[in-house]
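Quick note, the sequence shown lines up with residues 1 to 91 if you use my numbering.
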Amino acid sequence: TQGSYFITTDFRPVVAPWGFNGDDVAFCRALTEEAKVTAIPVTAFYASEDAPSHYARFAFCKGDAIIDAALERMRIWVESRGGRQLTAAAS
Numbered sequence: 001t002q003g004s005y006f007i008t009t010d011f012r013p014v015v016a017p018w019g020f021n022g023d024d025v026a027f028c029r030a031l032t033e034e035a036k037v038t039a040i041p042v043t044a045f046y047a048s049e050d051a052p053s054h055y056a057r058f059a060f061c062k063g064d065a066i067i068d069a070a071l072e073r074m075r076i077w078v079e080s081r082g083g084r085q086l087t088a089a090a091s
């Protein structure tokens, strides 16, 4: 059986050091355009105007090599913008 996994994360602790003050749509757009990694803004799943706007949803439906490459691009992107240093979990 095949399936996929998702994680929803609050991106504020990662982007706060560089003064990012955008919503989830702006974060996901910047991540896609600059790091070449795409996440879904959580507000896309809400009809309500008061939806939380500081979460991004990531899908893990690719192979390990692709996920590892995406994580490395995200690490470089965050650090290049003056964000906190990110470390990968041990495999």
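C-beta: ideal position from N, C-alpha, C; glycine also.
Checking 8 Å against the spacing of the C-beta atoms, do residue i and residue j come in under that value?
i: Ala56; j: Phe6; result: no
i: Pro41; j: Cys28; result: yes
i: Phe58; j: Ala39; result: yes
By DSSP, does residue i sit in helix, in strand, or in coil?
i: Phe45; result: helix
i: Phe11; result: coil
i: Phe6; result: strand
i: Arg75; result: helix
Contact check, residue i vs residue j under 8 Å by CB: the rounded distance?
i: Ala35; j: Arg73; result: 5 Å
i: Val78; j: Val14; result: 6 Å
Would you mind sorting residue i into buried or exposed? The rule is 16 or more other CB atoms within 10 Å of its CB.
i: Asp24; result: buried
i: Thr32; result: exposed
i: Ala65; result: exposed
Quick one: what's residue i bridged to in DSSP?
i: Phe58; result: Ile7
i: Ile66; result: Its beta-bridge partners do not exist; DSSP assigns none.
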